[in-house]
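Numbering (our numbering), first residue to last: 1 to 92. Beta carbons: idealized from backbone N, C-alpha and C, even for Gly. As structure tokens, the structure follows; a few thoughts come after it.
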Ligand SMILES: [Zn+2]
């Protein structure tokens with residue numbers, strides 16, 4: 001066989017992201033406050049399961065972005081900076 005199926009880097013990341021640890025939207029919702037606060041307040045990376053869920057779930061990603069914008073001022077960040085930091089951590 002010659003050649004190979006070509007996947008974009010994004011597609012590969014998405015496939016990889018869909019592996020464990022698997023988090024439901026409910027689990028994600030329970031953790032999103034603490035995870036976003038921790039992310040903006042420290043240099044600790046997002047928990048892998050949480051990160052993977054946000055990467056694959058647009059609804060939770062948007063929820064996290066809204067939250068980041070909301071708590072941005074607690075961390076001396078603008079809403080845009082907080083969202084950018086979240087997106088960078090998620091790898092979106
Ligand atoms: Zn979700």
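Query	Result
On the criterion of 16 or more Cβ atoms from any shown chain inside 10 Å, does residue 51 qualify as buried, or is it exposed?	buried
So the alpha helix (DSSP H) residue 56 belongs to, where does it begin and stop?	48-56
Express the C-alpha separation of residue 70 and residue 27 in angstroms, rounding to a whole number.	21 Å
Is residue 92 helix, strand or coil when you go by DSSP?	coil
Out of curiosity, what's the CA-to-CA distance linking residue 8 and residue 57?	19 Å
Would the C-beta of residue 59 count as close to ligand 1, meaning under 7 Å from any of its heavy atoms?	yes
Give me the Cα-Cα distance between residue 77 and residue 64, rounded to the nearest whole angstrom.	15 Å
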